[in-house]
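Numbering (my numbering), first residue to last: 915 to 1365.
Backbone N, C-alpha and C define an ideal beta-carbon position, used for all residues, glycine too.
Working notes, beginning with the structure itself.
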Amino acid sequence: MAELRLYDTFARDVRRFEPRETGRVGIYVCGPTVYGRIHIGNARPFVVFSLLKRFFEYGGLDVTLVVNVTDVNDKIYTAAAAAGRSSIELAAEMTSFYVADTDRLGLGRPDHEPLASQSIEAIVDYIAALIASGNAYEASGDVYFRVRSDARYGALSRREVDQMDQGEGVEGAARKEDPLDFALWKTAKTGEDSSWEAPWGGGRPGWHIECSAMAEALLGAGFDIHGGGLDLLFPHHENEAAQTRCARGTELARFWVHNGMLELATEKMSKSLGNIAPLHEVLDRFGRDAVVLYFCGAHYRQPIDFADEPLAQARRGVARLREAGRRLIDGPSPAELAPLRERFFASLAEDFNTAAALAAMWEWVREANRRETAVGRADLVEMLDVIGLANLLEASDETAPAEIAELAAARQLARGSGDFARADELRAQIAAAGWTVRDAGGGYSLIPGDD
RNA sequence: GGCGACGUGGCGGAGUGGCUACGCAGCGGCCUGCAAAGCCGUCUACGCCGGUUCGAUUCCGGCCGUCGCCUCCA
């Protein structure tokens, strides 16, 4: 594969990416907190990093993608209490919904999907290491990370420790040495129905430590790429970075890659604000192909608006690709089109610019469509496969039901006898049934309508 | 208040110190009995004000606007 360059948030610049270990790439992405069905915004990192993995694999690399699931969290306790259910049960149910909803994206599963609740031992060990190194302290059953003990704290998110909000009024403030310190372990409180044993007493892990522990357990500290939404940059990723730096004396990841936010109207979409479009509903309305193409339409670091029109446009794009697929034949593509294919992959190699890559792909489609003789599909399959849309070219089962076929045959007879009024009437009937008749040469074909 | 991102044609959205992005929609044309699909053409932009430059949408400064994070957000 050609040289790949990626934007690294830590460096605030595009840098050449080279795997830590030749031929292998380890990626860790912060996944959802499972207190409800995930929304379309949560789907963006899932799509972005699943596709990035495919691109690496296209380049012959062996990729390990880890996406965690946070199943122990304040929000889960709150949601479970509101629903009168156990938090364990709620988290388990929402985890299965998360898997089912993201499965529908058709981009495969991450290689590992660790649960915080199943990683307590590693988390406790990590906390113990931070206490031993003097970077954390116990306070009435809680354990806090001593932020000012990390000289580089703030380097990732570019914040000055002394200019940070002092976090007044935050829970546990009275027990902290410094308001900036954050919880590694929280002692069990009333209303919380799950807790684990630890040297500091029964309780549960804080949010940030699980990622340091699980990422290290599966990929080893100093792995290649840490990903997630830009909203996690601070404090979550800053804290993860600090924990690993202090406990292990090494940086957690070599590249920090953040996807931009999905915004609804003018406000960022988040579950906290309640302006939610659940992923499964969006998939129901527009289909998985359109959703994937929609995400590819903009560069991954740009904020994108969530609205019907962009999704509808993506759906038209899907139709155009299917249409192109009907014209193509099996086999290699014309050499003259190769530069467009190469531009597609070169765009992906330059900070994974899917939008620029799609422009090259559309040009390829137009060039193929304008040719008199049928064009081999190999190039387009190669391009679409990387973005998870090669299915659009597969010979779909488009055989019309007998009833529709009869109407079409009758229409053809009417046309042959010059009875165009009758022919148009039959065409309208066929359209009403969801099919389109297309006259071509001396014959005709039947094309399924919109999904 | 602190830190940061962004303002591109009707819409979405790349990119670049001088050369058509691309897609959708519209309009005109080819094709068609008429359509559909496809193709061709067309409409054609870089928030505002300065500066640097032979030349800026692209670099620098200011302003206006939008948005994100500031310890529960992917």
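Item, Value
"Local conformation of Thr-1101 per DSSP, three classes", "strand"
"Residues that Glu-917 bridges to, as DSSP identifies them", "Glu-917 is not bridged to any residue."
"Check whether Ser-1047 and Arg-1089 have beta carbons under 9 angstroms apart", "no"
"Contact check, Val-1300 vs Tyr-972, beta carbons under 9 angstroms", "yes"
"Where the beta strand (DSSP E) through Glu-897 begins and ends", "Here the chain comprises residues numbered 915 to 1365, so residue 897 is not present and cannot be evaluated."
"Backbone secondary structure at Asp-1025 - three-state DSSP", "coil"
"Three-state class that DSSP yields for Glu-1177 in the structure shown", "strand"
"First through last residue of the beta strand (DSSP E) which encompasses Glu-1052", "1050 to 1053"
"Ala-1112 beta carbon less than 9 angstroms from that of Ile-1041", "yes"
"Contact between the stretch 1284 to 1297 and the stretch 1234 to 1251 (3+ Cβ pairs under 8 angstroms)", "yes"
"Stretch pair the stretch 940 to 948 + the stretch 1127 to 1141: three plus CB contacts closer than 8 angstroms", "yes"
"Nearest to Ala-1191 (by Cα), restricted to the options Asp-1222, Ala-1273, His-1172", "Asp-1222"
"Helix, strand or coil at Glu-1165 according to DSSP, with G and I counted as helix", "coil"
"Check whether Cys-1160 and Leu-979 have beta carbons under 9 angstroms apart", "no"
"Cβ-based neighbour list, Gly-1363, same chain, cut-off 8 angstroms, excluding 5 preceding and 5 following", "Ala-1345, Gly-1348, Trp-1349, Thr-1350"
"Beta carbon of Gly-1143 nearer than 9 angstroms to that of Arg-958", "yes"
"Opening and closing residue of the beta strand (DSSP E) in which Trp-1349 lies", "1349 to 1354"
"Sheet register partners of Arg-938 (DSSP bridge)", "Glu-935, Asp-976"
"Limits of the unbroken alpha helix (DSSP H) element including Ser-1261", "1252 to 1263"
"DSSP state of Arg-929 mapped onto helix, strand, coil", "strand"
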